[in-house]
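Numbering-wise (the numbering used here), the sequence shown opens with residue -18 and increments by one. Each residue gets a CB set at the ideal place from its N, CA and C atoms; glycine is no exception.
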Amino acid sequence: MDSIDVAIPGHRFHEKRNETVQVVLTGGTGFLGLRLVRELVNRNCSVTLLSRRSSTSAVDRISHALGRLGETPDFIQKFRRRADELDIEIERPLFGLPDDRVEKLVRRTDMFLHSAGNIDLNTGARAIRPVNVNGTQNFLDIAARSPHGAPFCHVSTAFVAGARRSGTVAEADLIDTYGFENEYERSKCDAESLVGRWARESGMPALVMRPSILLTDRPPTPGLPAHPFQTISALLRASTIERGIAGLSIPRGLRPVIHMQGQADARLNCLPVEDAAKAIVSIAAEHRSTAAETYHIVHPDDVSATTLIELFEKFAPIRIVLRPELPERLSPAEQRFHSYAGFAAYFRHTRVFDDRNARRVLGGPCSRTTVDMAYLLAGTHGIL
């Protein structure tokens, strides 16, 4: 039986022979989490899903989503045989679980995988930190009780680099000197710091995965979480076509100019979520160090700002113009646009992410999928 082969102090997964590897996962119903579940099941792992209480069980929600992703009934049944779940409150100490339940959980866990998080770029610290920061600490406190030192795999983001807009960002870099573009980035940076401190103080292994912007070329599908550009494109269309920009009626054929602060050579790193999930699980499978290690889960080629602007202009009767500084007075249309454009700051970024750690383990880049206009349009098909 195949299994994840991850180094743990005192033993490795491949030494478990015919025993099933047990992974405890948060965020399994999310955009990335669904693909992580699929990869784990493909490797014959059993998965304990930690999720908020809902009228529908996490196992049922994921089963439905896997069907939407095109998985066969046999695969979905395999998942259901290998999955169980616990209702948690992520903001509470130990996720609100009683001590005896925590002890039972950690005794049989071979890896803790933390993928849950609030990814809203427009929200404030009060809403985002209880999940992204406190939630991480609460999961670390659970993992610290592992009697055999099961590794903690934390899904962060490449955007912990914050407002460092140029140069090369190393996987070892974690600094707040440059500030942050939003509270999401700040919260993920602080959460990473907690993971690093936990690993140093406990002597237990930790892995930090830093994916870039995750996308898919699957069109928006009811019952599946959306990726960022699907959300942005839908917002643009709804706000400009259905309601008009800032409530203004837009005559047919007129494309008002929306100024955004940015530069023509700006670029963003975008990665297919399917490739990200494969890379994360594969790296976890090969991990041998007892120290905390960080991996940039990124694409070898960036997407230019001009390509993204062309994409967004397909969904709204506007013309986006980048300029070094915004005008002193924004038009009503620009004010409306900027009120929900949490991504706008990234049109000032030319930085690149060094991924040598990830390449060393994987034997190459995290993805060989071409992310171009055709890919982006496929992933937003149906919004137009």
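Outcome for residue i when other beta-carbon atoms lying within 10 angstroms are tallied against a minimum of 16
i, result
"D55", "exposed"
"A272", "exposed"
"A359", "exposed"
"I123", "buried"
"S127", "buried"
"P74", "exposed"
"D353", "exposed"
"A46", "buried"
"I(-15)", "Reliability fails at I(-15), whose pLDDT of 37 lies under 50, so the model's placement of it is uncertain and the value that follows must be treated cautiously. The residue is buried, with at least 16 neighbouring Cβ atoms inside 10 Å."
"T53", "exposed"
"L78", "buried"
"K169", "buried"
"P308", "exposed"
"H129", "exposed"
"V150", "buried"
"L357", "buried"
"G148", "exposed"
"G98", "buried"
Residue closest to residue i, alpha-carbon to alpha-carbon, out of the options
i, options, result
"T331", "D282, A272 and H135", "D282"
"V262", "L102, R61, C134 and E72", "C134"
"R367", "A247, M241, R63 and S147", "Given that the chain is displayed from residue -18 to residue 365, the structure contains no residue 367 and the question cannot be resolved."
"I43", "A151, G11 and F296", "G11"
"H237", "A266, G204, E294 and T197", "With the sequence shown as reference, residue 237 is identified as Pro, and His is not the correct amino acid for it. Ranking the options by Cα distance to P237, first place goes to E294."
"L235", "A314, G148 and S147", "A314"
"A339", "A325, A297, I264 and L357", "I264"
"R33", "L175, G8, R191 and G177", "G8"
"N25", "Q3, G14 and L15", "Q3"
"P298", "N23, S27 and I290", "I290"
"E152", "E164, S137 and Q316", "S137"
"F76", "R304, L121, R88 and T202", "L121"
"A247", "V333, R167, A131 and M185", "V333"
"Q244", "T287, F210 and H277", "T287"
"E274", "K259, P111 and D336", "D336"
Residues sharing a beta bridge with residue i, DSSP
i, result
"R253", "Just to set this straight, residue 253 is Pro in the shown sequence, not Arg. BP columns for P253 point to L196."
"Y327", "Bridge partners of Y327: none, in fact."
"C134", "L94 and L188"
"Q58", "Bridge partners of Q58: none, in fact."
"I278", "P192"
"L6", "L30 and L94"
"M416", "For residue 416 there is no data in the structure shown, the boundaries of the chain being -18 and 365."
"F334", "V150"
"V83", "Note: V83 sits in no beta bridge, so no partner."
"S285", "R248"
Pair every Cβ in the region 342 to 358 with every Cβ in the region 159 to 175, then say whether three or more of these pairs are closer than 8 Å.
Under the Cβ criterion (8 Å, minimum of three pairs), the region 342 to 358 does not count as touching the region 159 to 175.
Beta strand (DSSP E) runs contained entirely in the region 13 to 79, provided each spans 3 or more residues
27 to 32 and 64 to 68
Entirely within the region 102 to 180 and at least 4 residues each: give me those alpha helix (DSSP H) ranges in chain order.
DSSP runs (the alpha helix (DSSP H)) wholly in the region 102 to 180: 106 to 110 and 116 to 124.
Mind the definition here: the region 139 to 155 touches the region 112 to 119 only if three or more C-beta pairs lie below 8 Å; say whether that holds.
Judged by Cβ distances under 8 Å, the region 139 to 155 makes no contact with the region 112 to 119, as fewer than three pairs qualify.
Touching or not, the region 185 to 196 and the region 251 to 260, by the rule of three or more beta carbon pairs under 8 Å?
With contact defined as three or more Cβ pairs closer than 8 Å, the region 185 to 196 and the region 251 to 260 are in contact.
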